[in-house]
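A.B. asks: 146 is the number of the first residue of the sequence shown in the working numbering; add one for each residue after it.
Here it is, the structure in full.
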Amino acid sequence: VTEEGGRPATRAVHAGERQEMPRRPATVPVFQTAPFLFADVADLERAFSDPSLAGLYSRYSNPTVRAVEEKLAALEGAEDAVAFSSGMAALAGIFAALLRSGDLLLASRELYGGTHSLLGWLRERHPEVAVERAPAGELAAAVAAAPRPPALVLVETPSNPLLFCCDLAELAAACRARGDREAAAAGGRRPLLVVDSTFASPVLSTPLALGADLVMHSATKYLGGHSDVTAGLVAGSAERLAPVRQAARLLGGCLDPHAAFLVGRGMKTLVLRVERQSATAARLAAILGGHRRVERVHYPGLDPVGRRQMSAGGGMLSFRLADRAAAAAFLDRLRLFQLVPSLGGVESGAMAPALSSHRGLLPAERQEAGITDGLIRLSVGIEDADDLEGDLLQALEGAA
Ligand SMILES: Cc1ncc(COP(=O)(O)O)c(C=O)c1O
Numbered sequence: 146v147t148e149e150g151g152r153p154a155t156r157a158v159h160a161g162e163r164q165e166m167p168r169r170p171a172t173v174p175v176f177q178t179a180p181f182l183f184a185d186v187a188d189l190e191r192a193f194s195d196p197s198l199a200g201l202y203s204r205y206s207n208p209t210v211r212a213v214e215e216k217l218a219a220l221e222g223a224e225d226a227v228a229f230s231s232g233m234a235a236l237a238g239i240f241a242a243l244l245r246s247g248d249l250l251l252a253s254r255e256l257y258g259g260t261h262s263l264l265g266w267l268r269e270r271h272p273e274v275a276v277e278r279a280p281a282g283e284l285a286a287a288v289a290a291a292p293r294p295p296a297l298v299l300v301e302t303p304s305n306p307l308l309f310c311c312d313l314a315e316l317a318a319a320c321r322a323r324g325d326r327e328a329a330a331a332g333g334r335r336p337l338l339v340v341d342s343t344f345a346s347p348v349l350s351t352p353l354a355l356g357a358d359l360v361m362h363s364a365t366k367y368l369g370g371h372s373d374v375t376a377g378l379v380a381g382s383a384e385r386l387a388p389v390r391q392a393a394r395l396l397g398g399c400l401d402p403h404a405a406f407l408v409g410r411g412m413k414t415l416v417l418r419v420e421r422q423s424a425t426a427a428r429l430a431a432i433l434g435g436h437r438r439v440e441r442v443h444y445p446g447l448d449p450v451g452r453r454q455m456s457a458g459g460g461m462l463s464f465r466l467a468d469r470a471a472a473a474a475f476l477d478r479l480r481l482f483q484l485v486p487s488l489g490g491v492e493s494g495a496m497a498p499a500l501s502s503h504r505g506l507l508p509a510e511r512q513e514a515g516i517t518d519g520l521i522r523l524s525v526g527i528e529d530a531d532d533l534e535g536d537l538l539q540a541l542e543g544a545a
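Take a look at the structure:
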């Protein structure tokens with residue numbers, strides 16, 4: 146009995162499965178397979194002794210996933226990148242890989258709500274790791290002043306949802322200086338700087354060039370860009386990434402090949418989308434800044450650090466209306482901007498963080514974090530800028 150012979154049940158499984166490719170396909174196909182097949186035992190020996198573990202098992206490595214890893218590494222100017230099933234899995238993988246018992250993790254206070262929750266969870270379940278926070282603007286000083294050197298420093302820039310821009314060159318210098326001090330004293334480790342660059346995307350800023358050790362993205366946002374996939378990516382040097390890749394393989398938060406295909410396809414138009422989104426967002430930020438109902442606009446293009454560190458202001462902005470009733474009236478009147486708890490897609494979206502990502506905080510905690518009830522976050526898409534402007538202006542008329 147051969148593979149394609151045999152009875153119907155055998156033929157149903159094996160017929161047609163041996164497709165050779167006469168030519169290279171125009172795009173990386175979806176390699177929707179968990180294992181890869183060994184030609185013989187010598188091939189098996191070769192596969193297991195190859196440190197890349199390519200062509201073995203998709204939790205270790207998969208060509209469709211590898212394509213997006215290489216694309217991000219190329220965009221970030223990094224040696225390598227590792228894909229995860231979500232941005233949260235990427236952060237969890239970084240923590241699992243790089244933190245040990247007794248370590249200090251120093252994080253900025255301005256973080257995505259889910260990252261806040263992950264840090265809270267870490268603190269509660271793993272008290273052997275200390276978690277401290279400092280305002281992003283004071284993080285460099287906190288690195289210098291911490292009673293012991295942090296093992297990891299985590300910052301999100303621009304931050305979600307207030308678009309705070311942290312000076313990465315200054316923070317990286319503070320990590321290096323602290324490392325030099327420790328090395329001179331007791332051979333201690335240099336704090337590793339991890340940057341969540343989801344809002345900037347590699348189009349607007351490349352944190353590794355500014356001295357960061359690892360840069361991570363929720364690829365669900367700008368990299369995928371079409372609100373149809375959940376994914377995370379981390380880039381850095383091969384040395385820094387090796388334990389992160391090991392954590393990805395062991396914890397199993399790997400990216401599915403079909404999801405990887407969508408991320409890779411999205412990334413091909415990343416530059417075009419972000420350039421267009423930035424241009425429209427800059428225009429909307431200026432209009433909102435002059436509107437009588439708007440109390441304040443937060444936009445990296447209006448911030449000195451953002452202007453220095455990013456090549457354009459990006460597609461995210463937030464602004465303050467008077468109160469919760471004004472925010473609700475504004476959101477309910479929007480026609481083009483969708484009421485959506487995500488960002489970075491081709492479609493424009495709006496959200497009130499007090500009603501969504503920061504809902505779980507106490508009112509005093511929200512106040513401290515600057516998340517007022519009237520705060521609105523916009524994710525500007527690639528629609529016609531005049532249409533988007535018209536939608537905002539008509540919705541603001543209702544936000545009395
Ligand atoms: C800045 C930032 N980091 C991380 C995440 C988490 O990413 P994911 O939803 O892909 O797990 C998000 C999600 O909104 C985010 O905005």
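By construction, the Cβ of each residue, glycine as well, lies at the ideal position given by its N, Cα and C atoms.
What does a CB cutoff of less than 6 Å around G150 pick up in its chain, not counting 5 residues either side in sequence?
C.D. replies: Walking along the sequence shown from the start, residue 150 turns up at place 5. Correct list: empty, nothing qualifies.
A.B. asks: Any heavy atom of ligand 1 closer than 7 Å to the CB of M455?
C.D. replies: Walking along the sequence shown from the start, residue 455 turns up at place 310. Incorrect: M455 has no Cβ contact closer than 7 Å to ligand 1.
A.B. asks: Which value, in whole angstroms, describes the spacing of the CA atoms of G548 and A330?
C.D. replies: Past the edges of the chain, shown from 146 to 545, lies residue 548, and the structure says nothing about it.
A.B. asks: One question on the structure: do V210 and L400 come within less than 8 Å of each other, judged by their Cβ atoms?
C.D. replies: Position 65 of the sequence shown holds residue 210. Position 255 of the sequence shown holds residue 400. Yes, the Cβ-Cβ distance between V210 and L400 is below 8 Å.
A.B. asks: Would DSSP call V288 helix, strand or coil?
C.D. replies: As a position in the sequence shown, residue 288 is number 143, starting the count at 1. Helix.
A.B. asks: Anyone know if the C-beta pair for M461 and L308 falls short of 8 Å?
C.D. replies: Your numbering for residue 461 matches position 316 in the sequence shown. Your numbering for residue 308 matches position 163 in the sequence shown. Yes, the Cβ-Cβ distance between M461 and L308 is below 8 Å.
A.B. asks: In the structure shown, what three-state DSSP assignment does S194 receive?
C.D. replies: To locate residue 194, count along the sequence shown from 1; it is residue 49. Helix.
A.B. asks: Output needed for E301: all residues of its chain with C-beta closer than 6 Å, excluding positions within five of it in sequence on either side, in chain order.
C.D. replies: Here residue 301 refers to the residue found at position 156 when the sequence shown is read from its first residue. So the qualifying residues of the chain are L256, D341.
A.B. asks: Hey, is D341 close to ligand 1, as in C-beta under 7 Å from one of its heavy atoms?
C.D. replies: Residue numbering aside, residue 341 sits at position 196 when the sequence shown is read from its first letter. Yes, since a heavy atom of ligand 1 falls inside the 7 Å radius drawn around the Cβ of D341.
A.B. asks: Can you determine whether any heavy atom of ligand 1 sits closer than 7 Å to the C-beta of F183, and answer yes or no?
C.D. replies: Position 38 of the sequence shown, counted from the start, is the residue given in the question as residue 183. Outside the cutoff, so no.
A.B. asks: Determine, using beta carbons only, whether P295 and L359 come nearer to each other than 8 Å.
C.D. replies: The residue given as residue 295 occupies position 150 in the sequence shown. The residue given as residue 359 occupies position 214 in the sequence shown. Taking 8 Å as the Cβ cut-off, P295 and L359 do not qualify as a contacting pair.
A.B. asks: From A286, L217, T178, pick the residue whose C-alpha is nearest to that of G409; which is it?
C.D. replies: Counted from its first residue, the sequence shown places residue 409 at position 264. With distances taken between Cα atoms, G409 lies closest to L217.
A.B. asks: If you drop the 5 nearest sequence neighbours on each side, which residues of the same chain put their C-beta closer than 6 Å to that of E224?
C.D. replies: Residue mapping note: residue 224 aligns to position 79 of the sequence shown, counting from 1. Cβ neighbours of E224 beyond the five flanking positions: S382, A383.
A.B. asks: Say the cut is 7 Å; is the CB of Y257 nearer than that to a heavy atom of ligand 1?
C.D. replies: Residue numbering aside, residue 257 sits at position 112 when the sequence shown is read from its first letter. True, at least one ligand heavy atom lies under 7 Å from that Cβ.
A.B. asks: Report, in whole angstroms, the separation of the C-beta atoms of V439 and R469, which I expect to be a contact under 8 Å.
C.D. replies: For this step, residue 439 is matched to residue 294 along the sequence shown. For this step, residue 469 is matched to residue 324 along the sequence shown. Contact flag wrong, Cβ pair sits at about 16 Å.
A.B. asks: Could you pull out every residue in the same chain whose Cβ sits closer than 6 Å to the Cβ of R335, ignoring the five residues on either side in sequence?
C.D. replies: Your numbering for residue 335 matches position 190 in the sequence shown. The residues are G324.
A.B. asks: Please report the straight-line C-alpha distance between D448 and P303, rounded to a whole angstrom.
C.D. replies: Here residue 448 refers to the residue found at position 303 when the sequence shown is read from its first residue. Here residue 303 refers to the residue found at position 158 when the sequence shown is read from its first residue. Taking the straight line from one Cα to the other gives about 10 Å.
A.B. asks: Determine the closest residue to R385 out of G398, G333, L353, L507, with distance taken between C-alpha atoms.
C.D. replies: The residue labelled residue 385 in the question sits at position 240 within the sequence shown. For the residues G398, G333, L353, L507, the minimum Cα distance to R385 belongs to L353.
A.B. asks: Given H403, which residues of its chain have a CB within under 7 Å of its CB, disregarding the five upstream and five downstream residues?
C.D. replies: Counting from one through the sequence shown, the residue named residue 403 turns up at place 258. Only V175, Q177 meet the Cβ criterion.
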